[in-house]
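Q: This is the structure I want to talk about, given as structure tokens.
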Amino acid sequence: MSDEKLASSTAGAGMTPSAAYRLEWTLIGLGILALALIFQPFSLTLYGFGCALVVFAGLANNLLPLCQPGTTFRSLVTAAIIVALAFCVVMLISISAAHLYGVFFVNAIGPATGDPFYLQPFVWGVAGAAIAFAVLLTALVRSKN
Numbered sequence: 177m178s179d180e181k182l183a184s185s186t187a188g189a190g191m192t193p194s195a196a197y198r199l200e201w202t203l204i205g206l207g208i209l210a211l212a213l214i215f216q217p218f219s220l221t222l223y224g225f226g227c228a229l230v231v232f233a234g235l236a237n238n239l240l241p242l243c244q245p246g247t248t249f250r251s252l253v254t255a256a257i258i259v260a261l262a263f264c265v266v267m268l269i270s271i272s273a274a275h276l277y278g279v280f281f282v283n284a285i286g287p288a289t290g291d292p293f294y295l296q297p298f299v300w301g302v303a304g305a306a307i308a309f310a311v312l313l314t315a316l317v318r319s320k321n
């Protein structure tokens, strides 16, 4: 196969250099916007959006190594799903650890004041999202073969 045919057959397989550059600076710009929203002195609502955006931008920064020419959209989506799944699992572990901290250290001092963490809708939503990400990741891996 000649070099021209090889270059033309792989050109559509992944990101172009300009698309990789735009994606890289979009991810970096997201972090800059989050910091600007956090440190602005005008609105607590914007501050709240900035706090949420910092977490999202921090997770999105895990995709920066994939901002290379030739990277396929499928690999970006797979990496994003892995990052989201890891975030959900770590969040569930953190909520469980905070609950156990309360059980072992705080309840010794004061009585229980609310429902257990596993009865909260937010925890079930995060667990459902983690399961959905795991199923989606499994489907992506199986469809690749």
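Quick note on the working numbering: the sequence shown kicks off at 177 and runs consecutively. We put the CB at the ideal spot given by N, CA and C, even for glycine. Here the structure is a predicted model, which is why all the values come from computation and not from measurement.
Cutting at 8 angstroms between CB atoms, please list the residues of its own chain near Ala310, excluding the five before and the five after it.
A: Locating residue 310 in the sequence shown gives position 134, counting from the first residue. Leu261.
Q: Which class does Phe215 belong to by DSSP, given the choice of helix, strand or coil?
A: Taking the sequence shown and counting its residues from 1, the one referred to as residue 215 is at position 39. Phe215: coil per DSSP, three-state reduction.
Q: Quick check: the region 223 to 242 against the region 252 to 259, are there 3 or more CB pairs under 8 angstroms?
A: Because the criterion of three Cβ pairs below 8 angstroms is met, the region 223 to 242 and the region 252 to 259 touch.
Q: Quick check on DSSP: helix, strand or coil for Thr254?
A: Along the sequence shown, read from residue 1 onward, the residue named residue 254 stands at position 78. Residue state, collapsed to three classes: helix.
Q: From Thr248, Leu313, Leu222, pick the residue whose C-alpha is nearest to that of Leu209; which is it?
A: Position 33 of the sequence shown, counting from 1, holds the residue named residue 209. The shortest C-alpha separation from Leu209 is found at Leu222.
Q: In terms of alpha-carbon separation, which member of Leu268, Phe280, Ala315, Val279 lies closest to Ala305?
A: Walking along the sequence shown from the start, residue 305 turns up at place 129. Comparing Cα-Cα distances from Ala305 to each of Leu268, Phe280, Ala315, Val279, the minimum goes to Leu268.
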